[in-house]
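A quick write-up on the structure given underneath.
Chains as they are written, first to last, in the numbering used here: chain R, 5 to 117; chain B, 26 to 136.
The following block contains the structure:
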C-alpha cells in the first residue's frame with residue numbers, strides 16, 4: 005500500500021512563474037490537507053479538500069493560491085506569480101474519511117529565485 | 026480557532042535520560058492529539074496519538090498523557106537514543122478537520 009505521494013520533490017521557479025504541486029493520497033483516502041512549512045518553523049494549515057470539494061480554505065492566501073482535488077487524479081496546489089516569500093516546503097496529508105489519522109507525503113520543496 | 030502552544034522549543038538530554046515535551050490547547054472541542062516526529066529534510070511521521078476519552082497511552086519507550094481539564098498533553102520519551110534526535114510536533118484536532126500544530130521542539134540526544 006503506497007503512502008502519500010507528492011511530486012515534484014523539488015521545484016525551482018523564477019519570480020512571476022507558476023508552481024504546480026501534486027499530491028496523490030494513500031489508497032482508500034478521500035481527504036487531502038495541504039500544509040506549508042517555512043525553514044525551522046512549524047506546519048501551517050492551508051486547505052482541506054475532499055473529492056471535487058473544498059471543505060476549508062481558511063489558511064490559504066486570498067490571492068495567487070488555489071487548490072483542487074478532482075474526481076480523477078491527484079490534488080493540485082497551484083501558486084501563480086510566485087514570489088520569494090513562497091519558498092517553503094509544502095506537505096500534503098491524507099486521511100480516510102473522517103477518521104483521525106493524517107499521513108504526510110514527502111513534501112515539495114519550492115525555491116523561488 | 027484552536028491555539029496550540031508547545032514547550033520547550035529546544036531540548037538536549039544525555040543518552041539514556043528521559044525527555045518530556047508539553048503542549049497546551051485552547052478549544053475544549055478538540056478531542057484528538059497526535060504527535061509527529063520530523064527528521065531533517067523528511068516528512069512528519071506520526072509516532073503516537075491519543076483521543077480525549079483516554080488519559081494515557083504508551084508504545085514502548087514513548088508515552089503520551091492527556092489532561093482534559095487543564096487542556097494540556099505531554100510526550101514522554103524514556104531511555105533516549107541518538108536516533109530520537111529530531112523535531113517533534115504536537116497537534117490538536119476535531120476529527121475530519123485541520124490539525125493545529127504546535128511550533129515544534131528540537132530534541133537533541135547527546136551520546
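Where is the CB? At the ideal position from N, CA and C, for every residue including glycine. The structure displayed is predicted, hence computed values, not measured ones.
Backbone secondary structure at residue i - three-state DSSP
{"i": "residue 74 of chain B", "result": "strand"}
{"i": "residue 81 of chain B", "result": "strand"}
{"i": "residue 52 of chain B", "result": "coil"}
7 Å Cβ shell around residue i - same chain, five flanking residues per side excluded
{"i": "residue 12 of chain R", "result": "112"}
{"i": "residue 24 of chain R", "result": "80, 82"}
{"i": "residue 116 of chain R", "result": "17, 19, 86, 87, 88, 90, 91"}
{"i": "residue 109 of chain B", "result": "102, 132, 134"}
{"i": "residue 63 of chain R", "result": "48, 49, 50, 51"}
Proximity test, Cβ basis, 8 Å: residue i and chain B
{"i": "residue 106 of chain R", "result": "yes"}
{"i": "residue 32 of chain R", "result": "no"}
{"i": "residue 53 of chain R", "result": "no"}
{"i": "residue 81 of chain R", "result": "no"}
{"i": "residue 94 of chain R", "result": "no"}
Residues bridged to residue i [DSSP beta-bridge criterion]
{"i": "residue 9 of chain R", "result": "R/28"}
{"i": "residue 90 of chain B", "result": "B/81, B/99"}
{"i": "residue 35 of chain B", "result": "B/131"}
{"i": "residue 51 of chain R", "result": "R/38"}
{"i": "residue 14 of chain R", "result": "R/113"}
{"i": "residue 82 of chain R", "result": "R/24, R/70"}
Contacting residues, own chain, Cβ-Cβ under 6 Å from residue i (five flanking each side not counted)
{"i": "residue 138 of chain B", "result": "Because chain B here runs from 26 to 136, residue 138 of chain B falls outside it and cannot be looked at."}
{"i": "residue 88 of chain B", "result": "101"}
Residues near residue i by beta carbon distance below 8 Å, same chain, minus five either side
{"i": "residue 27 of chain R", "result": "8, 9, 10, 36, 38, 78, 79, 80, 81, 96, 98, 109"}
{"i": "residue 43 of chain B", "result": "101, 102, 103, 104, 105"}
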